[in-house]
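Asks:
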């Protein structure tokens, strides 16, 4: 009996995507419920502290250097060959590296701790019942726990069993929110609430790491270490991935820090509500599209260039379709959702919401590119670009925030993306992997972008004309109607393309499986 997953790539991708979407829908409901209760008991300033420390720890996680990507990339071949010994040696190396990383993050985190108060513009904003240093230590402990236990879950990803990871994530989320709600209602303390959630999630992650060990018992019985030659190759790739890690971390982490330092903790707290909604949206999309990465990694080793190019066109088409629908729906519903959920005082005014939607579109529309870059090891071809992107993002965001206020933070991210990764990723894929002109990508991208703008303009016009008062009924109605109309428009435009026929067949197979196994 095989140790590893032998199901088809399509079946694995569909199972992982369906499980991921279902789990993340549950997480979204839990997140909204907990956030509502949190703001009833405490205030947006506490959310600002949460967002700030999350950003700091994301920067400290640079100690990971992107080595996990370099290691997971190497799982694909031995898993495909059923080479248990090779996978076991990789996992042993992974474990040793991550214990070292945890020690480095602990040392760096403790070194940063005396200076965290300098990131807050107005110290009087900090609630009197919050000790910044204690809260920071709790966040540090939470970050360290991921390096001690959850690294094993990367084996599930490489083996195309990410649906188990989704279930573990849901269990950890239930434990965290359950513990936090109980403590929040009984103590009304931000610090104790945070601590209870971390402990609950830690217990679940520990239990699941033990389960993974049992599932791959033969792999974890291997005691040999990775040969020096293979370790050297991983370190070489890690140097390339480090640049990508820096760029991604700066893009994800600096918005909260810039807002806190240049505007206020309260503004960071308000943004955290928008950020949570957009993050949940992108997580759902990641479950739909990002789970193709292991399948793409497997396909690259079994397809010729022509078949691989056709696969890229199909998956990119799906990614652009999702980006168009999600962006227009978010533009229609985002402000109304905040208004009916938390109230008008938690709304951003002016161009902030449209700019956030542009940022969402840029992110989602290129989400499938990363699957092909990682699966084909192309990250080594693009080492310097993330550093340029990171520097541009930080510099432009600070400058535009001084000139334009809050919206400048997000415009900085859009401009830095447009000047770098936006055009660079497809160029590398087409030049080094597909070996064909990149213009076919931009033709399809331009068409979807035009349709997205058309949909957003239609939503803007209807809202401006009718000016309805936000309500839950309106929110559900406008989101459903927008979803149907945008999908209808896309079907009308692309119904004769081979990529649409592939998408239609994929949806039909998924629905047939749901009917067969309700």
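In the numbering used here, the protein residues as written are 1 to 518. Just so it is clear, CB atoms sit at the ideal spot from N, CA and C, and this is done for glycine as well. Given the structure is predicted, the values throughout are model-derived calculations rather than measurements.
1. Might you give, ordered along the chain, the residues of its own chain that have their beta carbon closer than 6 Å to the beta carbon of residue 362, omitting 5 neighbours on each side?
2. With a cut-off of 8 Å on the beta carbons, I'd call residue 324 and residue 357 a contact; round off their distance for me.
3. When you compare the CB positions of residue 102 and residue 136, do they come within less than 8 Å of one another, or not?
4. Got a sec? Which residues, its chain only, sit under 6 Å from residue 195 by beta carbon, not counting five neighbours each side?
5. Taking the Cβ atom as the reference point for each residue, do residue 335 and residue 351 lie within a distance shorter than 8 Å?
6. For residue 364 and residue 326, which I take to be in contact (beta-carbon distance under 8 Å), what is that distance rounded to the nearest angstrom?
7. DSSP on residue 46, reduced to helix/strand/coil?
8. Using a Cβ-Cβ cut-off of 6 Å (strictly less than) and excluding sequence neighbours within five positions of residue 27, which residues of its own chain qualify?
9. Would residue 466 and residue 333 qualify as a contact pair, given that the criterion is a beta-carbon distance under 8 Å?
10. Using a Cβ-Cβ cut-off of 6 Å (strictly less than) and excluding sequence neighbours within five positions of residue 468, which residues of its own chain qualify?
11. Of all the options 284, 370, 433, which has the alpha carbon lying nearest to the alpha carbon of residue 422?
12. Within a Cβ cutoff of 6 Å, which residues of the same chain sit near residue 171, ignoring the five residues on either side of it in sequence?
13. Could you tell me how far apart the beta carbons of residue 181 and residue 37 are, in whole angstroms, since I believe they sit closer than 8 Å?
14. By DSSP, does residue 339 sit in helix, in strand, or in coil?
15. From 47, 401, 184, 321, pick the residue whose C-alpha is nearest to that of residue 494; which is it?
16. Apply the 10 Å Cβ neighbour rule to residue 269 and answer buried if 16 or more other Cβ atoms are within range, or exposed otherwise.
17. Taking the alpha helix (DSSP H) that residue 395 falls in, what are its first and last residues?
18. Quick one: using the 10 Å Cβ neighbour count with 16 as the cut-off for buried, is residue 142 buried or exposed?
19. If you pair each beta-carbon of the segment 392-411 with each one of the segment 434-446, do three or more pairs fall below 8 Å?
20. Rounded to a whole number of angstroms, what is the C-alpha to C-alpha distance between residue 82 and residue 431?
21. Looking only at C-alpha atoms, which of 390, 436, 314 sits nearest to residue 415?
22. Using a Cβ-Cβ cut-off of 7 Å (strictly less than) and excluding sequence neighbours within five positions of residue 482, which residues of its own chain qualify?
23. Pick helix, strand or coil for residue 487, following the three-state DSSP scheme.
24. Taking the continuous alpha helix (DSSP H) assigned at residue 147, which residues delimit it?
25. Please say whether residue 179 and residue 207 have beta carbons closer to each other than 8 Å?
26. Quick one: complete beta strand (DSSP E) runs, 3+ long, within the segment 153-193?
27. Distance, Cα to Cα, residue 498 vs residue 84?
28. Can you name, in chain order, every residue of its own chain whose Cβ lies under 6 Å from the Cβ of residue 479, other than the five neighbours on each side?
29. When you compare each of 419, 441, 400 to residue 411 by their alpha carbons, which one comes out closest?
30. Apart from the five residues on each side of it in sequence, which residues of its chain come closer than 8 Å, Cβ to Cβ, to residue 130?
31. Going by other Cβ atoms of all chains shown within 10 Å of its Cβ, with 16 needed for buried, is residue 409 buried or exposed?
32. For the alpha helix (DSSP H) holding residue 362, just list the boundary residues, first then last.
33. Using the beta-carbon count (16 or more within 10 Å), is residue 98 buried or exposed?
34. Please classify residue 348: does DSSP put it in a helix, a strand, or coil?
35. I'd like the span of the alpha helix (DSSP H) that includes residue 470, first residue to last.
36. Apart from the five residues just before and just after residue 385, which ones in its own chain have a Cβ nearer than 6 Å to its Cβ?
Replies: According to the structure data:
1. Take residue 362, set aside five residues on each side of it, and the residues of its chain with a beta-carbon closer than 6 Å to its own are 417, in chain order.
2. Residue 357 and residue 324 do not touch by the CB rule: their CB atoms are close to 12 Å apart, not below 8 Å.
3. No. Outside cutoff.
4. When the five nearest sequence neighbours on each side are left out, the beta carbons in the same chain lying within less than 6 Å of the beta carbon of residue 195 are those of 138, in order along the chain.
5. Not closer than 8 Å, so no.
6. In this structure residue 364 touches residue 326 by the C-beta definition: roughly 6 Å separates them, less than 8 Å.
7. Shown here, residue 46 sits in a helix according to DSSP, grouped into three states.
8. If we look at residue 27 and ignore the five residues flanking it on each side, its Cβ neighbours are 173.
9. No, Cβ-Cβ distance for residue 466 and residue 333 is not below 8 Å.
10. Result list for residue 468: 474, in chain order.
11. Nearest C-alpha to residue 422: 370.
12. 204.
13. About 6 Å; that satisfies the 8 Å criterion.
14. Note: residue 339 maps to helix in three-state DSSP.
15. For residue 494, the closest of 47, 401, 184, 321 by C-alpha to C-alpha distance is 321.
16. Buried: at least 16 other Cβ atoms inside 10 Å.
17. Where residue 395 is concerned, the enclosing alpha helix (DSSP H) stretches over 385-404.
18. Label assigned to residue 142: buried.
19. Cβ pair count under 8 Å is below three, so no.
20. Rounded to whole angstroms, the separation of the alpha carbons of residue 431 and residue 82 is 32 Å.
21. Of the listed residues, the one whose Cα sits closest to residue 415 is 390.
22. 328, 329, 332, 459, listed in sequence order.
23. In this structure, residue 487 counts as helix in the three-state DSSP scheme.
24. 132-148 is the extent of the alpha helix (DSSP H) around residue 147.
25. Going by beta carbons, residue 207 and residue 179 fall outside the 8 Å limit.
26. At a cut-off of 3 residues, not a single continuous stretch assigned as beta strand (DSSP E) sits fully inside the segment 153-193.
27. Going from the Cα of residue 498 to the Cα of residue 84 covers about 39 Å.
28. For residue 479, where only same-chain residues beyond five positions count, the Cβ hits under 6 Å are 329, 333.
29. Each of 419, 441, 400 was checked against the Cα of residue 411, and the nearest Cα belongs to 400.
30. Correct list, in chain order: 46, 49, 190, 191.
31. Answer is buried; the Cβ neighbour count reaches 16.
32. Note, residue 362: alpha helix (DSSP H), 352-365.
33. With 16 or more other Cβ atoms within 10 Å, it is buried.
34. Residue 348: coil per DSSP, three-state reduction.
35. Run containing residue 470: none; DSSP gives neither H nor E here.
36. In the same chain as residue 385, and ignoring 5 residues on each side of it, the C-beta atoms closer than 6 Å to its own belong to 420, 424, in chain order.
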